[in-house]
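Asker: First, the structure itself, so that you have it in front of you.
In our numbering, the protein residues as written are 236 to 349.
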């Protein structure tokens, strides 16, 4: 068995022309991602409408998520939330002066046996 460790706060490029999204772990019913934003946001009128639940925590930085059917949520380090499947949302703002580091856990339905 080969066990290794990494740090979620390291290996971030000095320049982030686009948001950095890296899959850290994946199985059929779960995907864990590190997302790094620095002033990045969703395109205007672009909404995420995912087939799976997403649990997200902001580890560093600041961000604002906007939802189609509820009030915006401002996030500071340590804030987390569950975004249910098909809850339309978008990243309205991330702090342009510091990297916003997110940990996102996507939870998929178990495949059905046929």
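Positions of the beta carbon are idealized from the N, C-alpha and C atoms, including for glycine.
Keep in mind that this is a model prediction, so the values were computed, not measured.
1. Sorted by chain position, which residues of the same chain lie with C-beta nearer than 8 Å to residue 307's C-beta, five sequence neighbours on each side aside?
2. Consult DSSP for residue 321 and reduce its assignment to one of helix, strand or coil.
3. Would you call residue 289 buried or exposed, if buried means 16 or more other Cβ atoms sit within 10 Å of its Cβ?
4. Please identify the residue among 272, 320, 246, 295 whose C-alpha is closest to the C-alpha of residue 314.
5. For residue 244 versus residue 287, is the C-beta spacing smaller than 7 Å?
Answerer: The answer reads as follows:
1. For the purposes of this step, residue 307 is taken as residue 72 along the chain shown, with counting starting at 1. Closer than 8 Å at the Cβ level, and outside the excluded window around residue 307, lie 299, 300, 301, 327.
2. Position 86 of the chain shown holds residue 321. If DSSP states are grouped into helix, strand and coil, residue 321 belongs with coil.
3. In the chain shown, counting from the first residue as 1, residue 289 sits at position 54. Answer is buried; the Cβ neighbour count reaches 16.
4. Taking the chain shown and counting its residues from 1, one reaches residue 314 at position 79. Selected option, being the one with the closest Cα: 295.
5. The residue given as residue 244 occupies position 9 in the chain shown. The residue given as residue 287 occupies position 52 in the chain shown. Contact: no.
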